[in-house]
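First up is the structure itself, then whatever we jot down about it.
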Amino acid sequence: MNLILQGLAWIFTPSHWVTSVGNVSISTRIGEHFYYTGVSLLVTVLIAVPIGLAIGHTGKGRGIAIVLSNASRALPTLGLLAVLILGVGIGLLPVAIVLVILGIPPLLAGVYSGLESVDRQTIDAARAMGMTELQILVKVEIPLGFELIFGGFRAATLQIIATVTLAAYYSLGGLGHYLVFGLAQNDYPQMVAGAILVIVLALAVDGILAVIQRFVVPGVSRGTTRQRRTARGGAIPPVAQSRTLIKEGQ
Amino acid sequence: MIEFRNVTKQFPDGTVAVDGFSLVIPSRQFTVFVGSSGCGKTTILRMINRMVEPTSGQVLIDDHDVATGDAVRLRRSIGYVMQQSGLLPHRRVIDNVATVPYLTGVSKKKGRQEAFGLLRTVGLDESLAYRYPAQLSGGQQQRVGVARALAVDPNILLMDEPFGAVDPLVRAELQTELLRLQRDLDKTVVFVTHDIDEAFLLGQHVVIFQKGGIIAQQGSPAEILANPASDFVASFIGADRGKRRLRVSDIAADNGELLLVDGNGHPAGVIETDDPRLGAGTGPKSRSVSNKTDQAGDA
Chain A
6 MNLILQGLAW IFTPSHWVTS VGNVSISTRI GEHFYYTGVS LLVTVLIAVP IGLAIGHTGK
66 GRGIAIVLSN ASRALPTLGL LAVLILGVGI GLLPVAIVLV ILGIPPLLAG VYSGLESVDR
126 QTIDAARAMG MTELQILVKV EIPLGFELIF GGFRAATLQI IATVTLAAYY SLGGLGHYLV
186 FGLAQNDYPQ MVAGAILVIV LALAVDGILA VIQRFVVPGV SRGTTRQRRT ARGGAIPPVA
246 QSRTLIKEGQ
Chain B
114 MIEFRNVTKQ FPDGTVAVDG FSLVIPSRQF TVFVGSSGCG KTTILRMINR MVEPTSGQVL
174 IDDHDVATGD AVRLRRSIGY VMQQSGLLPH RRVIDNVATV PYLTGVSKKK GRQEAFGLLR
234 TVGLDESLAY RYPAQLSGGQ QQRVGVARAL AVDPNILLMD EPFGAVDPLV RAELQTELLR
294 LQRDLDKTVV FVTHDIDEAF LLGQHVVIFQ KGGIIAQQGS PAEILANPAS DFVASFIGAD
354 RGKRRLRVSD IAADNGELLL VDGNGHPAGV IETDDPRLGA GTGPKSRSVS NKTDQAGDA
């Protein structure tokens with residue numbers, strides 16, 4: 006308890022929020038953290054969403070996607086980062102690659118399981134009405150599977166935002182700096198402060214995404230997916246669900 | 114006119130659902146495909162709007178091979194109603210009805226305006242227009258499904274067991290409404306069911322299927338009832354079990370009315386008549402009455 010108070014005191018020390026010689030302000034560190042998160046997330050979305058939509062719409066390639074996703078989960082992130090830095094040098098690129106590899110599985114699973122959760126009868130009817138495959142995807146599958154898709158996005162975001170801390174091991178900044186630097190100097194209040202900042206940031210971002218989700222997921226389809234989930238045995242939060250689905254696929 | 118010419122459908126797993134099937138479906142008539150589950154009737158129906166592509170053979174609509182054009186355009190020109198309504202759960206009833214007009218570029222305002230008219234046509238109150246499908250009863254959802262199929266004023270209406278999932282009372286009501294609609298709208302309707310009573314009630318032209326998409330018999334309900342072509346047909350329509358032959362029971366009902374029983378002696382109904390000769394207790398002991406549509410009374 007005492008350590009947490011000391012950590013909080015460290016955060017609220019005004020000088021830590023000012024950049025001076027030999028000291029980078031907390032807000033700059035948060036900025037770095039967001040920058041790494043944002044870039045990695047963007048690349049993750051650009052890779053995982055199209056692949057997930059293709060798998061979910063056609064139902065093909067699901068097995069391969071599950072195998073690759075699980076394999077990439079087994080990769081030790083820190084070790085991979087070390088290898089990449091040896092290969093391509095210190096900088097944003099190796100960090101981003103590692104984070105993208107980490108972010109793809111939950112988002113990919115969210116996207117294709119989102120599309121798979123849509124009632125086959127509804128899709129069949131949409132096709133029989135004369136919708137093109139693209140119209141089925143955009144007007145039916147994505148809106149109806151959006152809750153799971155967005156859940157996958159939230160899971161990927163959380164995963165990435167929490168793992169950006171690793172960048173600091175190679176002096177790339179971000180909030181992990183306080184963890185690494187504090188440990189090296191036996192400055193535990195600084196470590197705790199870093200941990201608190203990462204936790205608060207992750208929870209805040211997830212909270213904002215949760216609010217956005219409430220507004221963008223259409224009302225009645227939210228009701229029906231909730232029913233479907235409870236029928237499966239208790240309410241599972243979307244974040245946990247996209248992970249469960251991957252395990253089920255094994 | 115819809116014509117099947119020697120159509121075969123083999124699924125990728127090797128199952129032959131339909132083999133060398135040929136049939137002519139007359140225009141502006143109510144045709145019913147009836148048969149047990151898995152006899153290929155739905156597969157054949159879905160070939161008309163290319164939801165199923167035949168492995169070989171041709172399907173022609175007014176002498177035009179459906180395979181030659183664009184499948185999406187073909188489907189937009191044919192109304193399709195399915196068992197579980199297949200409505201889009203995230204769209205309001207009114208926008209569900211206007212689905213196809215929206216696809217063809219009709220504005221939201223105009224689409225909705227026309228959709229209101231269609232809701233009235235299928236007997237739905239306009240107050241339901243802005244609800245979501247999940248807020249409607251099964252029967253109401255089916256009506257919306259019919260309204261949606263009628264939205265582009267198609268010449269052909271395909272109905273795949275549309276009343277299979279609603280309770281008998283609502284089904285009878287929907288059947289009556291459908292008969293009224295067919296009289297008013299004068300479309301070519303192809304209707305799939307496994308319920309022979311429904312087939313005889315609705316169909317002007319009934320096609321009875323055997324396993325493998327083989328036609329056991331086709332014709333008007335009266336022709337089939339009077340003259341079953343095979344034992345299979347007789348068994349399917351219930352003639353062999355005496356279900357279709359009714360006679361007046363020896364025992365009068367409680368209030369003195371004449372009780373009708375089927376061939377197995379099960380009570381089937383009472384006779385309503387102004388003819389004094391059929392009055393209680395005086396009628397002949399055994400009078401055969403053909404029970405062509407025993408659901409018609411409910412309807």
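Here the protein sequences come in this chain order: A and B.
Using the working numbering, you'd call the opening residue of the first sequence number 6 and step up by one each time.
Using the working numbering, you'd call the opening residue of the second sequence number 114 and step up by one each time.
No residue lacks a Cβ here, since even glycine has one placed at the ideal position from N, Cα and C.
Just so it is clear, the structure is predicted and the values come from calculations on it, not from any experiment.
Check                                                                                                                         : Outcome
is_contact[R78/A, chain B] using C-beta, thresh 8 Å                                                                           : no
Within chain B, the residues that P148/A reaches when beta carbons sit closer than 7 Å                                        : H203
Burial state of I204/A (16 or more Cβ within 10 Å)                                                                            : exposed
Cβ of V145/A within 8 Å of any chain B Cβ                                                                                     : yes
Residues sharing a beta bridge with G382/B, DSSP                                                                              : L373/B
Rounded separation between T162/A and A131/A - CA only                                                                        : 33 Å
Rounded separation between T230/A and V222/A - CA only                                                                        : At T230/A the pLDDT is 41, less than 50, meaning the model places this residue with poor confidence; the figure from the coordinates comes in the next sentence. Those two C-alpha atoms are separated by around 11 Å.
Where the region 243-258 of chain B meets chain A: residues whose CB sits under 7 Å from a CB there                           : Y245 and A247
Three-state secondary structure (DSSP) of I106/A                                                                              : helix
Chain A residues whose Cβ lies nearer than 7 Å to that of G199/B                                                              : Q126, T127, D129 and A130
Validate contact between the region 329-341 of chain B and the region 159-178 of chain B using beta carbons, cut 8 Å, 3 pairs : no
Enclosing alpha helix (DSSP H) for E116/B [first to last residue]                                                             : Unbroken run through E116/B is the beta strand (DSSP E), I115 to Q123; no alpha helix (DSSP H).
Below-8 Å beta-carbon distance, D301/B vs any chain A residue                                                                 : The amino acid occupying residue 301/B in the given sequence is Thr; Asp does not appear at that position. With 8 Å as the cut-off, T301/B does not count as an interface residue toward chain A.
Test: V213/B CB closer than 8 Å to a CB of chain A                                                                            : yes
Proximity test, Cβ basis, 8 Å: G135/A and chain B                                                                             : yes
Nonlocal neighbours in the same chain, by C-beta distance under 7 Å from S149/B, ignoring five residues either side           : H307
Within-8 Å CB hit, L231/B to chain A                                                                                          : no
Partners in chain A for L237/B, counting only beta-carbon separations shorter than 7 Å                                        : Under the 7 Å cutoff, chain A gives no residues; its nearest Cβ is about 18 Å from L237/B.
Chain-ordered chain B contacts of Q140/A [CB-CB under 8 Å]                                                                    : L216
Under 8 Å between C-beta atoms of D280/B and Q196/B                                                                           : no
Residues near G37/A by beta carbon distance below 7 Å, same chain, minus five either side                                     : With the sequence shown as reference, residue 37/A is identified as Glu, and Gly is not the correct amino acid for it. Excluding positions up to five away in sequence, the list reads G178 and G179.
Contact list for N162/B against chain A, beta-carbon separation under 8 Å                                                     : A133
Integer Cβ distance of R358/B from G376/B, believed to fall under 8 Å                                                         : 5 Å
Endpoints, beta strand (DSSP E) assigned at Y215/B                                                                            : Counting along the chain, Y215/B falls outside any beta strand (DSSP E), though it belongs to the alpha helix (DSSP H) covering T212 to L216.
Residue-chain proximity (R231/A, chain B), Cβ-Cβ < 8 Å                                                                        : At R231/A the pLDDT is 39, less than 50, meaning the model places this residue with poor confidence; the figure from the coordinates comes in the next sentence. Chain B, which has no Cβ nearer than 8 Å to the Cβ of R231/A, makes this no.
Proximity of H62/A and L113/A at Cβ, strictly below 8 Å                                                                       : no
Helix, strand or coil at P19/A according to DSSP, with G and I counted as helix                                               : helix
R225/B at chain A interface by Cβ criterion, 8 Å                                                                              : no
CB contact flag (I138/B, V303/B, <8 Å)                                                                                        : yes
Any 3 or more C-beta pairs closer than 8 Å across the region 25-41 of chain A and the region 161-175 of chain A               : yes
Cβ-based burial, D208/B [other Cβ within 10 Å; buried from 16]                                                                : buried
Alpha-carbon to alpha-carbon, V219/B and G230/B                                                                               : 16 Å
For S135/B, the first and last residue of its enclosing beta strand (DSSP E)                                                  : V129 to I138
Alpha-carbon to alpha-carbon, P99/A and Y41/A                                                                                 : 11 Å
R256/B beta carbon less than 8 Å from that of L270/B                                                                          : no
Neighbouring residues, chain A, relative to V185/B (Cβ below 8 Å)                                                             : G135, M136 and T137
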